[in-house]
Structures are given as structure tokens and as C-alpha cells.
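If you use my numbering, the sequence shown corresponds to residues 36 to 403, in order. Step one of this worksheet: look at the structure below.
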Amino acid sequence: MSWELAGCEDSELITYADRLNRCKESRVMLELELSNEEFKLKHIKKRKQMTKEKARTRMAYAIPFSLVAILCVVVFITAVVSLKTEGYSISAPIMMIASAIVALACGLAAVKLWIPEVKMLRKLNAHGKNLEEENGIVTFDNERKLSEEKIDILKSQIDNLDSEIHQLSTKKKDREIWLRAKLEEEQKAKEAAQENGLSEGTFAIKREEKLSDIQAKELLTQYSEELARCNRRMTSLKLQDLKLQDKIIDIDIQMMDVKHKIVKFVLVVAIVTLVASLFSGGLGHVMGLLWCIVVFPYMLWMIKTCKKPVVEYLVEHEHHQIQDYAFVNSMVPYYKKRKELGSDIADVAYEINKYETSIQEVKNLSDI
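Dropping the structure here:
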């Protein structure tokens, strides 16, 4: 629609145009969400297969650790019974201490392995009722079903928007045709009046060249609202970008801390081993026991505190050994998220520039 046609004071046309733009914007967002959901549905089967393989691999470690822990408990009980029935012997306390230490270490390892194993088995359970949905455990079959339902809903919403966009486009086009006919009729009337000596002079020329006050105010209000929305969106995107930058920096800092912890662990183990090797006999056995008491808990603490930073570092740098794990757990490097965010920021910046230009054009074509 030309500026001359916009000079007509017609709020109905502005309403159609505003609603049409909002519907198109909503349709773009729904299409993006639909595309993401279809991508998710497409890869559910692959994620399910990878989870099965991971469950089998974890089971191969969990079962031996569990059996060793149970065996050590049996040995401990046997040693206790031996002390009560056969009397004191040096082998019984040693068996009790050794079996207790090994049972504790293997038991903790088995628990660490079985907890995620049970979650994966629940996720693979085709007959699961999603009783643990609040904790994030949803079976793949139900996840596929929910994804398909969401896709159907999104497609229905897009169809409804398409219908509304078609209706609004038709109404807008009809209104433009009516306004154009009205403008041509008024122009013909003015030309006829000029021929009869009834010209409105410079005022009419100015009226055709400029927007009316009502029209200009409506356009300025509309453009100002859109500009404010874009500015809020830009602020939100920049805050997200800063948070992503901080996370990338934190990953590198945490990885440096992990390296320092590993160096300290190696030094502590080396010192404790060296000290324990200086003793022999009964005192040597006691020092060996102290070595186990110091090293095993320290090692378990190291695994617990260093696992997350190491995984995040490998994911961020897209290490090949972590690709399957990252895919199954939907982990995406932060630098990729920043790249996508940069594209959104560029689009919003373009929108801001467009609305600022439109506001200036309206001001130039009005007396406001």
C-alpha cells in the first residue's frame, strides 16, 4: 500500500495489517517449533538403541561389582563366625578388614552403576506408566507418543493460522481496493473542482503529500510498540549471550581446577605408598590398611567432584569419545548455542533498524 493510500484515515486497514503481521510472526515460531519436534521424533529411535547399548555396557560392570561386594560380605560373615567358633587367629581379622574395605568400595561402585541403570531400564520399559515423570523419567514409547501428539497440535495450529492469514489477506486486499477507488474518486472530484475554479489550493496538495494526524499517531503507536518489543527481545538475547560466555569461561576454569586436583591426588597417593612401603611385618599390614582407608575414599571423592566438569569440557570441545553420551543426553556445546543466538541477535537488530526507519518516515510525512 502506497503512502498516498495510507493518507486516508482508515484504522480498519491498520488493524488488518497489524493482525496479519502478528499471525505471520506466530506462524514462523510454530514452524520452528514443529521442525524441532519432528527432529526430536526422528531421533527417538536412535536414542533408544544407543540407550540399550549403554545399559548393556553398564550392566557388564554393575553385575561383577555387585557379586564381588556380596562375596566380600559372605567372607566377612564367615570370618566373624570363625572367630566365635574356632577362637582367635591372625587370618580372621585380616579377612574381616580386607573384605570390609573391598565390600565398601565395590558396593559404592555398584550403587553408582545401578542407579542410572535402573533409570535407563525404566525409560526402556515399553509398559511403563511414567510414574517417575516428575523426576524426568519418561519411556521412549511414551516420549514418541507425546511427540506425535504435539506435532499434530502444532500442525493444527498452523492450519488455523493459515486460514486466518488467508481471511485477513483477503479483507486487507478488499479494503485496499476500496480505499484506492475512494482515493481515485476524490482525486477526480478535485480535478473537476479545479476545472470549475473551485480548487482547494495549496492545502489540498499538502494533504495529499502528508499523513493525517490520526493516521500518523496510529502508525507511530504501532511502530513504537513493535520497537519496544524488539528492544526487550534484544536485551534478553544479550543477557543470554553473556550467560553463555560465563558458562564457557567457567568450564575452562573448572577444568583447570580438575587438573590441579589430579596432580594433588597423584602426589598424595605417591607419598602414602612410599610411607607404607617403608614398613614390614604386622606394622606393614597396618600401613596397608591405612593406605586403603586414605586412597579409596579420596578416589571416590575425586570421581564424584571431577566427573561433571570433565564431561562438560569434553562436550564443549566435541571430543569424539563423548559424542554418543552427549547425543543421548541432549547435550549441546555452549559455543553452538552462542552461534545460534548471534543469528537471532542479527535478526532482531534488523527489525529494530526497520522500525526506527519507519518511525522516521512517518514523522517526515506528518506534522507530528
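Positions of the beta carbon are idealized from the N, C-alpha and C atoms, including for glycine.
The beta carbons of L55 and L203 sit closer together than 7 Å. Going by C-alpha positions, T308 is about 7 Å away from W326. The alpha helix (DSSP H) runs of length 4 or more contained entirely in the segment 167 to 213 do not exist; there are none.
Residue environment for Y51: buried (at least 16 other C-beta atoms within 10 angstroms of its C-beta). In this structure, the alpha-carbon of A216 lies about 10 Å from that of Q222. In the displayed model, V367 falls within coil according to three-state DSSP, outside both helix and strand.
Put simply, the backbone Cα of T256 is about 9 Å away from that of I394. Contact check for E351 against I286 passes: the beta carbons are separated by less than 7 Å. Residue environment: F100 is assigned as buried (16 or more neighbouring CB atoms within 10 Å of its CB, all protein chains considered).
In the three-state reduction of the DSSP assignment, F74 falls in the helix class, which pools H, G and I.
Counting the other Cβ atoms within 10 Å of the Cβ of L274 gives fewer than 16, which makes it exposed. Rounded to whole angstroms, the gap between the alpha carbons of D197 and S61 is 11 Å.
Ranking Q358, Q356, V303, D359 by CA distance to the CA of M337 puts V303 first. A contact is defined here as three or more CB-CB pairs under 8 Å, and the segment 106 to 115 meets this definition with respect to the segment 132 to 152. Rounded to the nearest whole angstrom, the C-alpha separation of K77 and L181 is 13 Å.
Only residues of its own chain outside the window of five on either side were considered, and among them I286, Q289, M290, D292, V293 have a CB closer than 8 Å to the CB of P344, listed in chain order. Secondary structure at F314: coil, using DSSP grouped into helix, strand and coil. Within a 10 Å sphere around the beta-carbon of E219 sit fewer than 16 other beta-carbons, which makes this residue exposed. In this structure, A145 places its C-beta atom within 7 Å of the C-beta atom of A104. Rounded to the nearest angstrom, the gap between the Cα atoms of N266 and V301 is 53 Å. Inter-residue distance for D53 and Y258 is about 10 Å (C-alpha atoms, whole angstroms).
Comparing alpha carbon positions, the residue from C107, E386, K372, A140 closest to L277 is K372. Taken through DSSP and simplified to helix, strand or coil, E353 comes out as coil.
For K147 and L262, the gap between their C-alpha atoms comes out near 53 Å.
Per DSSP, reduced to three states, the secondary structure at L400 is coil, with no helix or strand assignment. Of all alpha-carbon atoms in L139, E68, E152, the one lying nearest the alpha-carbon of R93 is that of E152. I283 and Y369 do touch by the CB rule: their CB atoms are close to 5 Å apart, below 8 Å. Inclusion of A90 and M155 in the CB contact set at 7 Å is warranted, their separation being smaller than that value. Minimum Cα-Cα distance from Q192 among the listed residues L65, T340, L376 corresponds to L65.
Distance from the CA atom of I186 to the CA atom of L69, rounded to whole angstroms, is 6 Å.
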